[in-house]
Each structure stands twice: as structure tokens, then as C-alpha cells.
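**Student:** Have a look at the structure that comes next, please.
2 protein chains.
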Amino acid sequence: MPEIVLRNVRPWGGPAVDLRMYGGRITSLFPHDDGDPRSLTGAPDTEFIDGRGLLALPGFVNAHAHLDKSWLGLLWVSYGGEATTEGRIRHEREHRDGLGIPSVATTTTLLTKMIAHGTTAFRSHVDVDLGVGLDGIRSVREAVAGIGAPVGLEIVAFPQDGVLRRPGVLDLLDRAAAEGADHIGGLDPASIDRDPVGQLDALFGIADRRRVGVDIHLHDGGELGAFQYELIIERTRALGMAGRVNVAHGFAIGDVAPARQRALIEAVVDAGITITTVAPVNAPRLLLTELRSAGVVVGLGTDGVRDLWGPYGDGDMLRMATRMAQLAGWRSDADLEAAVRIATSEAAGFVGRSEHDLAVGAAADVVLVDAGNVQEALVEAPARRLVIAGGVIVADCLSSGAVPGE
Amino acid sequence: MPEIVLRNVRPWGGPAVDLRMYGGRITSLFPHDDGDPRSLTGAPDTEFIDGRGLLALPGFVNAHAHLDKSWLGLLWVSYGGEATTEGRIRHEREHRDGLGIPSVATTTTLLTKMIAHGTTAFRSHVDVDLGVGLDGIRSVREAVAGIGAPVGLEIVAFPQDGVLRRPGVLDLLDRAAAEGADHIGGLDPASIDRDPVGQLDALFGIADRRRVGVDIHLHDGGELGAFQYELIIERTRALGMAGRVNVAHGFAIGDVAPARQRALIEAVVDAGITITTVAPVNAPRLLLTELRSAGVVVGLGTDGVRDLWGPYGDGDMLRMATRMAQLAGWRSDADLEAAVRIATSEAAGFVGRSEHDLAVGAAADVVLVDAGNVQEALVEAPARRLVIAGGVIVADCLSSGAVPGE
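Just so you know, the sequences run in chain order X and F. For my numbering, add 21 to where a residue sits in the first sequence, where the first one is 1. For my numbering, add 21 to where a residue sits in the second sequence, where the first one is 1.
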């Protein structure tokens with residue numbers, strides 16, 4: 022991995038700098054010098070790149086991916102499942118084998134596209150069930166390793182098909198944690214497993230014993246969802262797991278009476294629970310403004326992309342940030358920048374990093390786009406011109422004019 | 022305007038054809054012939070284009086644009102208005118002069134971008150008020166004429182600042198209609214003008230006398246909005262204006278009790294009223310599935326793009342169609358195709374055309390994208406590789422690899 026000096030780029034739309042990377046980290050950041058690049062003291066094999074004054078952002082962090090289950094790259098798969106969570110679970114288990122899902126090949130296709138769109142670190146839920154066992158996790162790890170760049174990856178061992186209702190899944194989750202999964206997942210403890218206390222006690226039990234995090238899909242709405250928020254909060258406090266528990270989706274918080282919303286948000290903050298959203302356009306609003314002003318750390322993800330749950334998704338985190346900001350009704354410059362920060366620098370914790378920004382010491386994850394300022398980058402989501410992950414160039418359209426991800 | 026033969030393209034994702042255009046119209050459509058193009062009997066100056074098997078769609082129809090008010094192309098304009106319709110109206114009237122809005126230049130910038138994204142026909146609301154008079158309409162007409170291709174344009178003379186509350190605006194609307202505006206616009210007769218019957222009687226009076234259409238922005242929700250739907254329905258019936266009245270936004274229909282929704286939808290169909298949406302992510306749902314199955318003709322538009330109402334919008338109708346389909350919860354192949362048809366062939370009536378499709382006799386408006394089928398075109402919204410408007414090539418990235426609109 023040679024040293025890279027990325028010259029004349031504007032971090033967050035600010036003044037132009039020269040950004041030096043080595044060993045996977047950002048090593049220095051100086052005001053841009055127009056002089057001969059060779060006058061910069063670099064290692065003999067230093068690669069100098071002309072950033073042409075483009076806007077630089079940290080790599081995007083996809084805090085809620087499903088890297089194991091996309092059919093992207095295969096022939097079009099018509100959607101045929103029922104319009105319920107349960108129906109989609111069944112549909113997926115019936116048809117995934119025929120599509121070769123999960124596999125290193127399908128994950129690599131999705132991953133390559135997402136990286137070309139500028140994502141450099143992922144928290145991926147990966148299905149763990151009686152059918153695939155831990156194969157999905159192995160496939161995702163192998164696909165990420167095959168990228169040839171230090172792309173960030175945290176694995177959530179995700180019991181998509183249920184936990185208590187599928188005897189044997191708890192053992193699989195335990196094994197996944199023992200073998201290095203970073204988080205134990207969960208899914209609608211009430212509506213899927215029909216036993217919210219039972220599922221949560223079991224999941225938190227494994228997480229506590231194995232010292233891993235918990236990251237639970239909670240689609241259940243209204244008071245049923247709010248009750249499960251409370252159960253999660255109680256267990257997070259009891260086990261001292263502040264900062265290591267995440268609720269994904271968590272629609273209920275926008276689906277109960279305003280006074281109840283406020284109390285729930287305060288309890289979520291107090292327990293140190295984070296929330297991830299995939300900015301769905303037809304689900305109860307997440308109350309992003311209220312969550313942030315209360316201090317809740319919110320992460321953003323793509324959710325599944327072209328999978329047996331539905332045909333949508335292009336894997337572009339910047340476009341997801343646009344939609345999240347629109348859903349929140351954000352228009353001010355500060356809010357538009359916040360949307361990009363949620364998808365980048367503020368998401369460090371979702372991928373096990375203490376820092377994720379264009380700063381000395383941080384991972385050398387850099388994305389260049391042609392935009393005047395960060396707000397324009399958000400509303401326009403222009404093509405990514407250069408993507409660097411851990412100091413390795415993973416997508417380069419600076420000179421060709423071609424567009425990554427197309 | 023030379024004859025064009027666009028070879029080897031797949032209309033709606035079907036088998037490859039050669040598509041011949043002349044005089045602004047599609048003149049023939051034959052199964053693709055791999056032979057020497059010169060063997061096709063063409064005029065001496067016929068231009069042969071290799072469509073490389075790309076997917077062909079009709080040009081997009083933007084049924085709800087505001088071509089007069091974007092600041093796209095200028096330095097970034099931070100949003101500073103209040104979060105109400107009234108606040109935004111005031112904010113716009115205070116600041117547009119300083120930005121040179123409306124003008125031929127600003128409209129041309131937006132128009133060029135939208136055309137590069139494949140839109141070939143527009144129904145544009147254009148502000149008509151005591152400040153700008155009819156200047157906006159003149160600017161938009163001049164900008165469209167300057168494109169150098171027969172781009173479709175219908176003008177709605179739009180009283181953005183109110184009607185009855187601004188004495189003199191009715192006269193301006195009347196003059197606009199006399200001078201060729203296709204429709205008289207309106208805006209929340211209750212909440213803005215404080216006199217729903219008064220505003221509607223005045224607007225329908227002009228429309229009836231001048232033989233133009235009516236196209237009313239109706240943001241008012243709940244029963245207040247539903248009541249104004251009723252007033253519009255009554256007047257449409259009384260004046261025999263079926264097919265010439267459109268409600269834009271019309272949030273109320275998704276914002277009242279289910280039984281009331283059904284009754285309203287039936288009355289809308291029965292009166293021959295159309296509805297246009299801009300697929301807003303944070304407004305009451307439009308009930309697209311229900312509207313369509315009842316037989317309501319629904320049009321799609323971009324709404325304003327980067328204007329004093331807000332910073333969002335990239336002017337891409339295909340991405341708007343994606344969002345509309347997601348909002349409607351559509352996943353089946355038939356529904357995904359319907360979303361593209363709403364944005365193209367089914368929108369003929371919104372721009373005064375009897376037909377708008379890849380068919381002999383229709384306007385030669387063609388868009389090429391790299392997609393396997395129309396469903397993939399919808400979910401991916403790939404770069405437009407070629408755009409032809411009225412038989413004139415207006416965007417061509419077939420060979421360069423460059424991306425229009427970037």
C-alpha cells in the first residue's frame with residue numbers, strides 16, 4: 022500500500038487541502054500547495070492525485086445493510102411475496118436457494134456497487150437460520166476480504182426467520198458470537214416469536230455472555246412496539262450495555278401519542294441506545310429532529326437492495342441521506358449538513374470506530390464529488406469521482422468521466 | 022430536421038426495433054435489422070444511430086413543474102423561509118428579484134438539466150402576480166423556444182401569491198389566458214384567499230369564458246381540503262369541463278376517513294378531474310393504487326427544483342417515478358411498469374397530446390437507458406444515454422460515457 026497524497030480537495034466544502042494517507046490512515050492535512058508535487062517530502066513510491074478542487078467527504082457508513090441477500094447482478098427477479106413481514110420471510114426462504122443466495126458472488130456484486138457509490142464501512146445484518154446456518158456470515162466475510170481494501174465491516178448475526186420459534190437458532194447465534202460476530206440480531210420479538218420477553222432475554226443473555234452488541238429489527242408499531250422498546254431499555258440498563266444496543270427501524274416511536282414519544286425518546290437516550298433508520302417513505306415517521314435534539318445517536322443504512330423482500334434500492338448512501346433529510350422536513354444548511362454527517366462522521370460507532378472523518382489518525386476513507394458545498398452534495402447526490410477505502414483506491418472516475426455504479 | 026433512424030433499441034424492454042423519425046414524429050417501427058443501414062431506404066441525409074440494444078422509453082412528461090423559479094446554476098441559496106405555505110410565499114416574493122428570478126437564463130438552466138434527464142414535455146405552473154405580472158410566462162416561453170427542439174409545453178398561469186386577496190391578479194390571469202396560457206391556476210382557495218367559493222367561481226369563470234383548463238394547487242388537508250374538492254367537482258360538472266380540470270397535490274384525499282376517501286375518489290372520476298402528484302415523502306399519502314383502480318388519471322411532476330421554497334430536487338422524472346412507486350408500496354412488475362407509464366405514455370393529456378408513446382404518429386420523443394427491463398429502469402434510474410425531443414437529439418452520451426445532468 023503506497024503513500025497517497027490527494028491534492029487540492031475541499032473537505033466538507035471548506036478550503037482546499039492536500040490530504041496525505043499512509044498505512045490505511047490519514048497522516049496529514051495541509052492547506053493546498055499549488056507547487057510541484059515532488060517538492061512535498063513523500064516516500065519514493067508516493068502516488069500524487071490531483072483532486073481538482075472537488076468536494077471531499079469521509080466514506081459513507083452503511084449502518085444497516087443486508088449484504089447477504091441481494092439478487093443484484095442476476096436476471097430480474099419479479100416480486101412474488103405477500104405484503105406482510107411474515108409472508109416475505111417465507112417467500113425468501115422458499116426462493117433464495119434457487120438464486121444462489123447467500124454466496125460470495127452475489128455479495129461481491131452488491132458490495133462492489135455500494136463501494137463505487139462511496140460506502141467504505143458497513144454494519145451488515147446477515148441471516149442466520151436453520152437453512153443456511155452460518156454460511157451467510159462466511160460468504161460476507163469472504164466477499165469483503167476479496168475487495169482488496171480494508172473496508173470496514175461489522176456483522177450482526179440476524180435471526181431473520183425468528184428465534185424461539187425455530188429451536189436451534191439460539192445455538193447458531195451463540196456460535197456466531199463465539200466465532201466473531203460483533204452483534205446478536207433480533208426481529209420483532211412480539212409479532213414474530215410471539216414471546217417478547219423470551220426472545221429478548223435469550224438474545225441479551227448471549228450478548229452479555231459473549232460480550233457482543235445487540236441490534237434488533239423492530240417493525241412492530243404503536244403500543245406493541247413501544248412496549249418492546251421498554252423491554253429493550255430495561256435489559257440494556259440491567260446489563261450495563263449502554264452504547265452496545267441498537268434498535269433498527271423502531272417505527273413505534275413515531276406511532277404513539279406525543280407525550281409517550283417524548284418519554285420513550287428520553288428513556289432511549291438515558292439507556293444509551295442507538296437507532297438506525299433506512300428512511301422508509303411509507304412507514305411512521307422516525308422523529309429524526311426530536312431524536313437528535315434529545316441526543317440519540319442515529320445511524321442510516323440502505324436496508325436490503327433488490328432482494329426477495331422487494332425490488333428497490335441502488336445502494337447509494339448519499340441518496341439515502343437525501344431521502345432521510347426530506348423525510349425529516351429538513352431545509353436549513355445546518356440540517357442538510359447534519360444529514361451527510363449522519364451518513365458519515367457521526368456513524369463511527371456503528372462500525373466500531375472511535376473516529377470516522379477527514380482528520381489525522383482516522384481511517385483513510387475519502388469520497389470526492391463535484392459539488393460546491395456539502396448541502397449541494399446532499400440534494401444532488403452527484404456521481405462519486407474517487408473513492409478511497411483504508412488508503413486504497415477502490416473507484417476512480419476522475420479522468421475517465423465514467424460513472425461508478427452504472 | 023433530418024430523418025433519424027435509431028437502430029437496435031428495445032421499446033419498453035421488448036424486442037429490438039429500428040425506430041424511424043421524421044418531421045418531429047415517429048414514422049415507422051420495424052424489427053431490428055442487423056444489415057447495412059444504407060440498405061434501409063432513407064432520405065439522403067438520414068442520420069443512423071446505433072442504439073446498442075439499450076432500453077427505449079418515451080420522453081418523460083413533467084406534469085407539475087415550476088420552470089420559472091429555480092435558482093439552480095446560481096451560487097447556493099441557503100433556505101431561510103418559515104415552515105408554512107404562507108411563509109414561503111412571502112419569502113419568495115422578498116428574495117426572487119435579487120436572484121434574477123424569473124428570467125430566461127435561470128429557466129434555461131433548469132430546463133436544460135431536466136431535458137438531459139429525459140423530460141421532453143412539460144406542464145409548468147408559472148407565477149403570475151402583481152410583482153412580475155406576465156413576465157414569468159414570457160421568460161418560460163422564450164427559454165423553451167431557445168432549446169432548439171420542439172419540447173412540449175403547457176402553461177398554467179399560477180397565482181402563487183393569492184387571487185382575491187390581491188386585487189388585480191384576476192385581470193392578470195384573464196390576460197394570460199387571452200394571450201395563450203393553457204390553464205388558469207389556483208392555490209388553496211380557503212387557507213390562502215380565505216374565500217373558497219369566491220376564488221373558485223372567479224377562476225372557473227375565466228376558464229369557461231376563455232376556453233382554457235383549470236389546474237389548482239390544493240394543499241389544504243382533511244375536511245377543509247375535501248370540501249374544496251367538492252366545490253371543484255361541482256363547478257367542473259356545472260360547466261361541462263370534464264378532462265380540463267386538474268387538482269395538484271390534493272393531499273386531503275388521503276387525509277380523511279376511508280369511507281369519505283372512496284366517495285371523494287368516485288366523485289373525482291365521475292367529474293373527469295385529473296390529479297397530479299409530486300410524490301412528497303412527508304405529506305398524507307395520495308392513495309395512488311385506489312385512484313388508479315377507480316380510473317382517475319394521475320400525473321407526476323417534479324414540483325419546484327432548488328427554489329426559494331426549498332433546496333431539494335434534481336429534476337429527474339425517472340427518479341420521481343421511483344419515489345412515487347415506493348410511496349405507493351408498489352413491488353409487482355405490473356405496478357413498477359405502471360409507475361413509468363404514469364411518467365410517460367399515460368401523461369399525454371397533461372401536455373395536450375392525444376398520444377405520447379413509442380408508436381407511429383406520436384411525437385418523436387425517445388429516451389435510451391441501460392437497463393434490462395422497464396422495472397430495472399425504474400428502480401435503478403440509470404443515466405440517460407440519449408434523449409430525443411420531437412425528432413431532435415437534445416442529449417447524447419451514447420459514445421462519450423459522460424452523464425447528462427451531472
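Don't be surprised by glycine CBs; every beta carbon is placed ideally from N, CA and C.
Tell me whether X:Y333 sits in a helix, a strand or coil according to DSSP, three-state version.
**Tutor:** Numbered from its first residue, the first sequence carries residue 333 of chain X at position 312. Coil at X:Y333, not helix or strand.
**Student:** Given that a residue counts as buried once 16 or more other Cβ atoms are within 10 Å of its Cβ, and exposed if not, what is X:D209?
**Tutor:** Numbered from its first residue, the first sequence carries residue 209 of chain X at position 188. Result: buried.
**Student:** Taking the alpha-carbon of F:D236 as reference, which of F:G246, F:R258, F:G271 has the nearest alpha-carbon?
**Tutor:** Taking the second sequence and counting its residues from 1, the one referred to as residue 236 of chain F is at position 215. Comparing Cα positions, the closest option is F:G271.
**Student:** Mapping DSSP to helix, strand and coil, what is X:W33?
**Tutor:** Counting from one through the first sequence, the residue named residue 33 of chain X turns up at place 12. Looking at X:W33 - three-state DSSP - the assignment turns out to be coil, as it is neither helix nor strand.
**Student:** Just to confirm my understanding: we take X:V302, look at its own chain, exclude 5 residues before and 5 after, and list those with CB closer than 8 Å. What are they?
**Tutor:** Position 281 of the first sequence holds residue 302 of chain X. Hits under 8 Å: R344, L348.
**Student:** For chain X, check one thing: does any of its Cβ atoms lie closer than 8 Å to the Cβ of F:Q282?
**Tutor:** Position 261 of the second sequence, counted from the start, is the residue given in the question as residue 282 of chain F. False, the Cβ-Cβ gap to chain X never drops below 8 Å.
**Student:** Thinking C-alpha only, which one of X:R117, X:V290, X:R231 is nearest X:D150?
**Tutor:** The count along the first sequence starts at 1 and reaches residue 150 of chain X at position 129. Nearest of X:R117, X:V290, X:R231 to X:D150, Cα basis: X:R117.
**Student:** Do you know how far the Cα of F:G167 is from the Cα of F:G426?
**Tutor:** Here residue 426 of chain F is taken as the residue at index 405 of the second sequence, counted from 1. Here residue 167 of chain F is taken as the residue at index 146 of the second sequence, counted from 1. Annotation note: pLDDT 41 at F:G426 (below 50); position unreliable, no value reported.
**Student:** Could you name each continuous beta strand (DSSP E) segment of 3 residues or more that falls completely within the stretch 260-300 of chain F, going from the start of the chain to the end?
**Tutor:** Counting whole runs of 3 or more residues, the stretch 260-300 of chain F contains the beta strand (DSSP E) stretches 266-270, 294-298.
**Student:** Contact criterion: CB-CB distance below 8 Å. Does X:G242 meet it with respect to chain F?
**Tutor:** Taking the first residue of the first sequence as position 1, residue 242 of chain X is located at position 221. Not an interface residue.
**Student:** Kindly give me the distance between the Cβ atoms of F:R196 and F:L155, rounded to whole angstroms, as I take these residues to be in contact under 8 Å.
**Tutor:** Here the question's residue 196 of chain F lines up with position 175 in the second sequence. Here the question's residue 155 of chain F lines up with position 134 in the second sequence. Rounded, the Cβ-Cβ distance is 7 Å, consistent with contact.
**Student:** I need the DSSP call for F:A423, collapsed to helix, strand or coil.
**Tutor:** Indexing the second sequence from 1 puts residue 423 of chain F at position 402. Interpretation of F:A423 is limited by its pLDDT of 47, a score under 50 that renders its predicted location unreliable; no figure is taken from the coordinates.
**Student:** On the DSSP bridge assignment, give the partners of X:F248 in chain order.
**Tutor:** Position 227 of the first sequence, counted from the start, is the residue given in the question as residue 248 of chain X. None, per the DSSP bridge assignment.
**Student:** If you reduce the DSSP assignment to three classes, tell me which class F:R159 lands in.
**Tutor:** By one-based count along the second sequence, residue 159 of chain F stands at place 138. In this structure, F:R159 counts as helix in the three-state DSSP scheme.
**Student:** Flag X:W33 as yes if its beta-carbon sits less than 8 Å from any beta-carbon of chain F, otherwise no.
**Tutor:** Position 12 of the first sequence holds residue 33 of chain X. No, X:W33 does not count as interfacial toward chain F.
**Student:** Using a Cβ cut-off of 9 Å, pull out every chain X residue sitting near F:D354, in sequence order please.
**Tutor:** Counting from 1 along the second sequence, the entry for residue 354 of chain F is found at position 333. What F:D354 touches in chain X: W97, S99, Y100, P332.
**Student:** Is it buried or exposed, F:V218, if we count other Cβ atoms within 10 angstroms and call 16 or more buried?
**Tutor:** As a working mapping, residue 218 of chain F is identified with position 197 in the second sequence. Classification of F:V218: exposed, given that the 10 Å Cβ count is below 16.
**Student:** X:G320 bridges to which residues according to DSSP?
**Tutor:** Position 299 of the first sequence, counting from 1, holds the residue named residue 320 of chain X. Its beta-bridge partners are X:T297.
**Student:** By alpha-carbon positions, which one of X:V372, X:A104, X:L329, X:G201 ends up nearest to X:R265?
**Tutor:** Start at 1 with the first residue of the first sequence, and residue 265 of chain X comes out as number 244. Among X:V372, X:A104, X:L329, X:G201, the Cα nearest to that of X:R265 belongs to X:V372.
**Student:** Which residues in chain X have a C-beta closer than 7 Å to the C-beta of F:L348? List them in chain order.
**Tutor:** On the second sequence, position 327 is the one that residue 348 of chain F refers to. Result: V302, N303.
**Student:** Classify F:G206 as helix, strand or coil using the three-state DSSP reduction.
**Tutor:** Taking the first residue of the second sequence as position 1, residue 206 of chain F is located at position 185. F:G206: strand per DSSP, three-state reduction.
**Student:** Do F:S160 and F:P123 have their beta-carbon atoms positioned less than 8 Å apart in this structure?
**Tutor:** The residue you call residue 123 of chain F lines up with position 102 of the second sequence. The residue you call residue 160 of chain F lines up with position 139 of the second sequence. One thing to note: F:P123 has its Cβ within 8 Å of the Cβ of F:S160.
**Student:** Please work out which residues of its chain come closer than 7 Å, Cβ to Cβ, to F:V381, disregarding the five sequence neighbours upstream and downstream, and give them in chain order.
**Tutor:** The residue labelled residue 381 of chain F in the question sits at position 360 within the second sequence. For F:V381, where only same-chain residues beyond five positions count, the Cβ hits under 7 Å are I47, T48, S49, L50.
**Student:** Under DSSP, the beta strand (DSSP E) around X:F69 begins and ends at which residues?
**Tutor:** Residue 69 of chain X sits at position 48 when you count from the first residue of the first sequence. Segment 68-71, the beta strand (DSSP E) holding X:F69.
**Student:** Have a look at F:L407 and F:T141 and give me their C-alpha separation to the nearest angstrom.
**Tutor:** In the second sequence, counting from the first residue as 1, residue 407 of chain F sits at position 386. In the second sequence, counting from the first residue as 1, residue 141 of chain F sits at position 120. Cα to Cα, the separation comes out at about 12 Å.
**Student:** If you follow the alpha helix (DSSP H) that F:M135 is in, where does it begin and where does it stop?
**Tutor:** As a working mapping, residue 135 of chain F is identified with position 114 in the second sequence. Segment 125-137, the alpha helix (DSSP H) holding F:M135.
**Student:** DSSP state of X:D236, grouped into three classes?
**Tutor:** On the first sequence, position 215 is the one that residue 236 of chain X refers to. Of the three classes helix, strand and coil, the one that applies to X:D236 here is strand, per DSSP.
**Student:** Counting only C-beta atoms, is X:Q396 closer than 8 Å to chain F at any point?
**Tutor:** The count along the first sequence starts at 1 and reaches residue 396 of chain X at position 375. Answer yes: the Cβ-Cβ gap between X:Q396 and chain F drops below 8 Å somewhere.
**Student:** Between X:D89 and X:H238, what straight-line distance do the alpha-carbon atoms span, to the nearest angstrom?
**Tutor:** Taking the first residue of the first sequence as 1, we reach residue 89 of chain X at position 68. Taking the first residue of the first sequence as 1, we reach residue 238 of chain X at position 217. C-alpha separation (whole angstroms): 16 Å.
**Student:** Name the DSSP beta bridge partners of X:T343, please?
**Tutor:** Numbered from its first residue, the first sequence carries residue 343 of chain X at position 322. DSSP output for X:T343 lists no bridge partner at all.
**Student:** Quick check: F:V172 and F:A342, are their CB atoms within less than 8 Å of each other?
**Tutor:** Here residue 172 of chain F refers to the residue found at position 151 when the second sequence is read from its first residue. Here residue 342 of chain F refers to the residue found at position 321 when the second sequence is read from its first residue. No, these two residues do not count as a Cβ contact at 8 Å.
**Student:** Are the C-beta atoms of F:D417 and some chain X residue less than 8 Å apart?
**Tutor:** The residue given as residue 417 of chain F occupies position 396 in the second sequence. Output row for F:D417: interface = no.
**Student:** To which residues of the same chain is X:L193 closer than 7 Å at the C-beta, ignoring the five residues directly before and after it?
**Tutor:** Here residue 193 of chain X is taken as the residue at index 172 of the first sequence, counted from 1. Counting only Cβ-Cβ distances below 7 Å, and skipping sequence neighbours, we find V149, G154, L155.
**Student:** Residues in the stretch 316-328 of chain F with C-beta within 8 Å of chain X's C-beta atoms, listed in sequence order?
**Tutor:** R327
**Student:** Please report how far the alpha carbon of X:D216 lies from the alpha carbon of X:G139, in whole angstroms.
**Tutor:** On the first sequence, position 195 is the one that residue 216 of chain X refers to. On the first sequence, position 118 is the one that residue 139 of chain X refers to. Their backbone Cα atoms lie some 40 Å apart in a straight line.
**Student:** Which same chain residues, not among the five before or five after F:A346, have their C-beta less than 7 Å away from its C-beta?
**Tutor:** In the second sequence, residue 346 of chain F corresponds to position 325, counting from 1. Closer than 7 Å at Cβ, skipping near neighbours: D356, L357, A360, L399.
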